[in-house]
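Just so you know, full-length UniProt numbering puts 237 at position 237 of the sequence shown, and the rest follows in order with no gaps.
By construction, the Cβ of each residue, glycine as well, lies at the ideal position given by its N, Cα and C atoms.
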Amino acid sequence: MIGFAGHQGQEYLPIVRRHTDIAGGVDPSGDAAALARQWDFPLYGSLGEALRSADFDTAVVTVPHHAHFAICCDLLRAGKHVLKEKPFAVTEAQARELVKLVDDADRSAFTLVQRGFNPVFAFAREQLAEIGRPYWFSYDYHLNLPTPTSGWRATSDLALGGVLLDMGYHLLDVLSGLFPAPAEVRSTFLHRYAEMRERRLEDLASVQFSYPGLDFAGSLRISRHNLEKVEKLTILGTEGALNVTPTEAALHSPDGDVAYRLVSEQPKGAAVNAMFAHYFRHLDDRDYRTTHVRRQLSAVRLLDRIYRDRPADTRTAVEAGPPLTAPGQAVPA
1 MIGFAGHQGQ
11 EYLPIVRRHT
21 DIAGGVDPSG
31 DAAALARQWD
41 FPLYGSLGEA
51 LRSADFDTAV
61 VTVPHHAHFA
71 ICCDLLRAGK
81 HVLKEKPFAV
91 TEAQARELVK
101 LVDDADRSAF
111 TLVQRGFNPV
121 FAFAREQLAE
131 IGRPYWFSYD
141 YHLNLPTPTS
151 GWRATSDLAL
161 GGVLLDMGYH
171 LLDVLSGLFP
181 APAEVRSTFL
191 HRYAEMRERR
201 LEDLASVQFS
211 YPGLDFAGSL
221 RISRHNLEKV
231 EKLTILGTEG
241 ALNVTPTEAA
251 LHSPDGDVAY
261 RLVSEQPKGA
271 AVNAMFAHYF
281 RHLDDRDYRT
291 THVRRQLSAV
301 RLLDRIYRDR
311 PADTRTAVEA
321 GPPLTAPGQA
331 VPA
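This is how it looks when you write it as structure tokens:
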């Protein structure tokens, strides 16, 4: 377990233990020693020490974004399988290097993206052909955090991106499993807090996708500071529509009626447990490995493209104009 003392790592500990033995951990934080004692595995001072001393074949990597690539490269070169937190990589160049290492080492590098293990998203994939030719999608994912982002996600050199990288990668993974790469992307990045603007860590991302040759387009909107938490994917087709949330998926007929609805009765954490179980079973499955890394390469290529093509911050001093909100009479709710 690499980076097990953080929030995500601690969430994964009991799930990993359910499926395999934990041979050791690496984490420099002050809580790591107590956690290692609690879970009864040795704590190593560095990845190098763990590679020399621990007997293991697979590493679970849950570290800040900036550290993913180097750690995963070292593990693959040492002949270890890797289960890593998203993203698969931050840039297309890094993703291609990881794919090469996967091939050279004959080892797997699986990304911990769980929506593919939620029955409602599986339903969407299976029913996509029922709506005819898709011509539009919208995918919204918003949190309602009341305060600025904190911890390593608020540090540019550690986070390497804002909501698009941190939250949006899950959505790009879903879209990469449903549709081909778009011909064009246009993005808008906005900031709820001035310090996030200064660090170029977007609080809100709005991305438009277009597929001119397919008469198809879509939008992606992600934010941390919405009025409510929501996730919803809508796909419109010539013969119907699909609506998907984390707990329910519905296939609609052209007149809008629900033709079929699937309500997920999975308990919290079931998709994550299913993901780990599946990955552990398929570590040596070369066909599944190839399919997985190709999809992740598509997601990273799209992520990298959106960040590279984002508009520059061209704010200039202008004369004060009217407020964005016009004065008016407040009406009690």
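Contact check, residue i vs residue j, beta carbons under 8 Å
i      : j      : result
Ala241 : Ile71  : no
Thr58  : Phe4   : no
Lys86  : Tyr169 : yes
Leu83  : Tyr279 : yes
Arg96  : Val185 : no
Asp90  : Leu164 : Note that residue 90 is Val in the sequence shown here, rather than Asp. Cβ distance not < 8 Å, so Val90 and Leu164 don't count as in contact.
Whole-angstrom C-beta distance between residue j and residue i, which should lie under 8 Å
i      : j      : result
His68  : Leu283 : Rounded, the Cβ-Cβ distance is 19 Å, inconsistent with contact.
Ala54  : Ala23  : 5 Å
Gly162 : Leu201 : 4 Å
For residue i, three-class secondary structure by DSSP
i      : result
Phe69  : helix
Glu231 : strand
Leu201 : coil
Leu160 : coil
Val272 : helix
Asp304 : helix
Ile22  : coil
Ala95  : helix
Phe216 : strand
Gln266 : coil
Glu184 : strand
Leu208 : Position check: residue 208 holds Gln in this sequence, whereas Leu was assumed. Three-state DSSP puts Gln208 in a strand.
Tyr193 : coil
Glu239 : coil
Pro311 : coil
Counted within 10 angstroms of its Cβ, other Cβ atoms place residue i as buried (16 or more) or exposed
i      : result
Tyr139 : buried
Asp173 : buried
Thr111 : buried
Leu98  : buried
Glu228 : exposed
Asp31  : exposed
Val258 : exposed
Gly151 : exposed
Arg107 : buried
Arg224 : buried
Tyr44  : buried
Asp203 : buried
His19  : exposed
Sequence-distant residues of the same chain with beta carbon closer than 7 Å to residue i, five excluded per side
i      : result
Val272 : Ile15, Gln114
Glu195 : Pro148
Phe121 : Arg115, Val174, Val244
Val230 : Asp140, His142
Arg133 : Gly237, Thr238
Tyr135 : Asp215, Phe216, Leu236, Gly237, Thr238
Proximal residues to residue i (C-beta, below 6 Å), its chain only, five neighbours per side dropped
i      : result
Ser264 : Pro119, Val120, Thr247
Ser219 : Ser138, Gln208
Proximal residues to residue i (C-beta, below 8 Å), its chain only, five neighbours per side dropped
i      : result
Cys73  : Glu97, Leu98, Leu101
Asn261 : Looking at the sequence itself, residue 261 is Arg, so the reference to Asn does not match. Cβ within range, chain order: Glu248, Ala249, Ala250, Leu251.
Leu297 : Phe88, Glu92, Ala95, Arg96, Val99
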